[in-house]
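Going by numbering that gives the first Met the number 0, the residue at position 179 of the sequence shown is 178; the numbering climbs one at a time, nothing skipped. Glycine included, C-beta positions come from ideal geometry on N, C-alpha and C. Values in this document were obtained by computation on a predicted structure and should not be read as measured data. First comes the structure, then the notes that go with it.
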Amino acid sequence: MSDLLTIADLGREGLEAILALSESTGLGRPLEGKGVALVFQKPSARTRNSMEMAVVQLGGHPVYIQKEEVGLGTRESAEDVARTLACYHALIAARVMDHQDLVRMAGAVDTPVLNMLSDLAHPLQALADLLTVKQLAGSLADARIAYIGDANNVCRSLAEACSLLGVEMRIAAPEGYELGEDLPHIRQTRDPAEAASGANFVYTDVWVSMGQDEESEARMRAFRPYQVNEALMALCPGAHFLHCLPARRGEEVTHEVMEHSTSAVWRQAENRMHTARGAMAWMLGAGR
Ligand code: CP
Ligand code: NVA
């Protein structure tokens with residue numbers, strides 16, 4: 000049984016195993032008669048729904064827990080919350096403000112802990128992104144992904160996954176919003192056009208992530224030249240558009256690009272459920 004807090008927890012083998020499990024129809028019901036705690040400190044549409052349905056498909060019972068209920072770090076320490084939930088559940092999943100809370104929870108219990116998004120990483124999103132790219136490109140070896148905008152939690156997890164699998168990824172981010180580390184196979188630039196040229200996938204995410212509202216004005220200014228619009232997409236004809244969602248149309252992406260026939264954002268959203276199922280099955284011991 001394993002935690003999944005960042006893509007690094009998986010390694011190449013784990014990553015490939017989860018992608019295969021996500022498309023398997025033979026996972027059975029490893030969660031039969033068991034619970035999965037879903038703790039949310041931030042809002043969610045895709046993650047909550049895809050996780051709840053994936054738990055049900057694996058035979059288990061999801062328990063949705065809002066931040067006021069457990070008061071992670073306020074009503075009770077992260078460790079005590081984890082120990083309590085481990086009394087009832089086979090797996091603990093949490094969406095947190097501070098990634099360290101996940102680390103503390105994982106350190107306090109043997110029950111596997113799953114990151115449903117932190118300030119640092121969004122590994123479940125990266126798994127769905129890679130499955131989507133694999134399905135559309137035919138093979139990950141043929142993918143050339145351009146990520147335009149904030150090198151945030153979503154970008155970091157995707158970059159780590161691409162780096163592990165040797166998938167070509169170029170990131171265009173303004174000064175002060177870069178990835179902050181060099182990874183094999185990942186190129187970084189300030190120029191969106193340079194990143195997009197020759198790409199067959201163009202990815203972006205919001206300029207202001209959850210919990211960053213106070214920085215909103217400065218971020219809007221810094222990211223304005225990084226909008227994914229028809230002019231940028233014209234540099235890579237036929238490329239698929241990707242976005243983890245929710246999108247802010249008119250900011251990081253235009254309505255036209257979101258609605259274009261090459262947009263794959265709804266396939267990504269659906270794949271969140273398949274990869275959540277694959278990830279939980281792997282955490283419980285499948286695929287190794
Ligand atoms: N992509 C994603 O994680 O969406 P939610 O915030 O709606 O869960
Ligand atoms: N970067 C965004 C992703 C939302 C799914 C955030 O953290 O708010």
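- Taking the C-beta atoms as reference points, P173 is found no nearer than 8 Å to L231.
- Residue pairing of P61 in beta bridges, as defined by DSSP: V35.
- Distance from the C-beta of M115 to the nearest heavy atom of the ligand NVA is not below 7 Å.
- Distances taken from the Cβ of V227 to the heavy atoms of the ligand NVA include none shorter than 7 Å.
- For L14, the enclosing alpha helix (DSSP H) begins and ends at G10 to S21.
- In the three-state reduction of the DSSP assignment, N48 falls in the helix class.
- Taking all protein chains in view, the Cβ of A105 is crowded by 16 or more other Cβ atoms within 10 Å, so the residue is classified as buried.
- F200 and S23 have their C-alpha atoms some 25 Å from each other.
- Three or more Cβ pairs drawn from the segment 55 to 62 and the segment 15 to 35 lie within less than 8 Å of each other, which places the two stretches in contact.
- For L18, the closest of S156, G277 and Q124 by C-alpha to C-alpha distance is G277.
- Residue pairing by DSSP places H239 opposite F200 in a beta bridge.
- For H273, the uninterrupted alpha helix (DSSP H) run begins and ends at V264 to M282, by DSSP.
- In this structure, DSSP gives M168 an extended state, which the three-state scheme calls strand.
- Note that the C-beta distance between A85 and V108 is below 8 Å.
- The ligand NVA has no heavy atom closer than 7 Å to the beta-carbon of D8.
- Taking one beta carbon from each stretch, the segment 89 to 104 and the segment 128 to 144 have fewer than 3 pairs nearer than 8 Å; the two do not touch.
- In this model, R74 and E68 are separated by some 9 Å (Cα to Cα).
- Around the Cβ of D212, a 10 Å sphere holds fewer than 16 other Cβ atoms; the residue is exposed.
- By the beta-carbon neighbour count (other beta carbons within 10 angstroms, threshold 16), M272 is buried.
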